[in-house]
């Protein structure tokens, strides 16, 4: 498996991948592919943090995107959303490799923290913690049990609190 940054000619394959990956997800509204389209056109888009996983046959089997957000009074951060893996490749380490690569790239780019709205059991293995423990909250109360944060720079969360402000592309 190879991880690389998304290229413009990948967009249709990524869209199909995202739709297939979220097709049976209960909490999905089936519009994650539209979120990716909106994020690409927004000022929150970070091209270096839109990555794809390729099979040995060079087929796109996974995708991850991180985009710029702010927390509280304009503290810059990133949102990890969405993470998609082709159904035939799920539970084989593709998602893990994408998350690890994206987090390392974000660190190298100088970002200090990443927020994710997702399964706590899955994201805890990467070091994510409940955001509420740091007095960081999402725009909707029902997000709280699933809103997690990871510091990319040591002790940065000690001085961070407030509401997560997502890009308008999220339509929240």
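In full-length UniProt numbering, the protein residues as written are 1 to 172.
Idealized CB from N, CA, C, for every residue including glycine.
**Beta-carbon contacts of residue 32 that lie in its chain and below 6 angstroms, excluding the five residues immediately before and after** = 18, 22 and 82
| request: Quick one: residues in its chain with C-beta nearer than 7 angstroms to the C-beta of residue 5, no 5 flanking neighbours on either side, listed in chain order? | output: 47, 48, 50 and 51
For this session: Please confirm whether any heavy atom of the ligand ADP lies closer than 7 angstroms to the CB of residue 36.
Result: As for the ligand ADP, it is missing from this structure, which has no ligand bound.
Using the rule of at least 16 other Cβ atoms within 10 Å of the residue's Cβ for burial, across every protein chain shown, is residue 95 buried or exposed?
buried
inquiry  = On the DSSP letters alone, give me the boundaries of the alpha helix (DSSP H) that residue 16 sits inside.
reply    = 11-22
Self-check item: Through-space distance from residue 127 to residue 153, alpha-carbon basis
Solution: 13 angstroms
From residue 108 to residue 30, what distance separates their C-alpha atoms?
-> 32 angstroms
Closest residue to residue 147 among 86, 102 and 135 (Cα-Cα distance): 135
(Q) Strictly by DSSP, which residues pair up with residue 162? (A) 136
Subject >> Helix, strand or coil at residue 44 [DSSP, three-state] >> reply: coil
Next item on the list: Would you tell me roughly how many angstroms separate the C-alpha atoms of residue 37 and residue 80, rounded to the nearest one?
Entry: 15 angstroms
**Asked** Can we say the stretch 137-144 touches the stretch 95-105, given the rule of at least three CB pairs closer than 8 angstroms?
**Response** no
Do residue 54 and residue 113 have their C-beta atoms within less than 8 angstroms of each other?
-> no
- Mapping DSSP to helix, strand and coil, what is residue 75? strand
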